[in-house]
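Structure first, commentary second.
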Amino acid sequence: MMISVNKALYLSVFSLFSMALVKGQSKVPFGVVKAEEGYAMVRVHKDDYRKIIDKIRMKTGDVFIYEKPAPGETEWIWIKYPEKDDTDKPFVRYDSITKEGMVNKNRVVFVDKLPQFTPSKSKNGKSLIFTDDSNPKIPGNQRTKVIIDVYPSNAGFRKQVKDADGNIIKIDKVKTWGIGKELPQGMTEIKSIRVQQPGRGSVFVRDAIKNMFQPTMDFNNVGVTAIDNDHIFLYMINGSGENRYTTIWTIKQGKAESQIIYKNPE
């Protein structure tokens, strides 16, 4: 069952950017497994960080949240990551970060330090376009693209659920992101995300973008990176103030496979 990540985690994750290990890592605290062997082992420890009680195998492309250097270690970092859903679903959204452990820093890389796609906007200004320009020999019309379409929201016509404090927590029975007690005037939302690749591509399933309000249009807060053609990552910092949230999608073989999303107030 999904459990909200507590506020202390949100704040601790984003307060670590000044540390030497993540110097230059300024956008998002997401890391990804990138190992020649195709996997990395996460050592799960007891309270003293030393007693190994389990080992979890993470595959190339698996995403985690960097938390801190592992206590007393120089080659290992402490990470948090969602517990994988064992069911065979075409897409999974994780808004609960329940697992943690150590991983060797030589087997991982920060997502926003991977090769970046080139950002641009559509002529009408409503779409963000990211193009893989890493190989200039590939014709422009054959290069991989990720396109985010942002339009005015119709959430005001949909069924809302509020908590005891009056915060809108669900619309159409799905958790909301980027809003508080009221719907902002002129509110926008992600209407679609499209992946275009030679020989394959897709439109994100509705569950991958539903109720994601106030998406950023600032290229300082959104980016697309990749390990290779089969492993692409789209990250965004959306909303503002107490309603800010951060998310990342894993795009595998042209389709959205999973998403990590959580609230991190400014």
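Just remember that this note's numbering sits 150 ahead of the position in the sequence shown, which is counted from 1. For every residue, glycine included, the Cβ atom is placed at its ideal position computed from N, Cα and C. Treat the numbers as computed from the prediction; the structure is a model and nothing was measured.
**OP:** Take every Cβ of the region 331-341, pair it with every Cβ of the region 374-383, and state whether three or more of those distances are shorter than 8 angstroms.
**Re:** no
Original post:
Within the chosen definition, does the region 315-327 reach the region 291-301 through at least 3 CB pairs nearer than 8 angstroms?
Top reply: no
Original post:
How far does the beta strand (DSSP E) with W399 in it reach, from first residue to last?
Top reply: Y395 to K402
Original post:
Given 8 angstroms as the limit, is there contact between the region 257-277 and the region 304-314, that is, 3 or more CB pairs closer than that?
Top reply: no
**OP:** Please list, in chain order, all residues of the same chain as K402 whose beta carbon is under 7 angstroms from its beta carbon, the five residues on each side excluded.
**Re:** G211, D380 and H381
Original post:
Do you know offhand how far V213's Cα is from I229's?
Top reply: 10 angstroms
Original post:
How is Q419 classed by DSSP in three states: helix, strand or coil?
Top reply: The structure shown does not extend to residue 419, since the chain spans only 151 to 416, so no value can be given for it.
**OP:** Return the chain-ordered ranges of every beta strand (DSSP E) run that is complete within the region 274-322 and spans a minimum of 3 residues.
**Re:** 277-281, 295-302, 310-312 and 318-321
Subject >> Among T248, V311 and I343, the one whose alpha carbon lies nearest that of V194 >> reply: T248
Original post:
In terms of residue numbering, what span does the beta strand (DSSP E) encompassing W327 cover?
Top reply: Neither: W327 is in no beta strand (DSSP E) and is coded neither H nor E.
Subject >> Beta-carbon proximity list for R257, same chain, < 6 angstroms, skipping 5 on both sides >> reply: A185 and A190
**OP:** Would you please state the rounded distance, in angstroms, between the beta carbons of E225 and K255? I believe it to be under 8 angstroms.
**Re:** 6 angstroms
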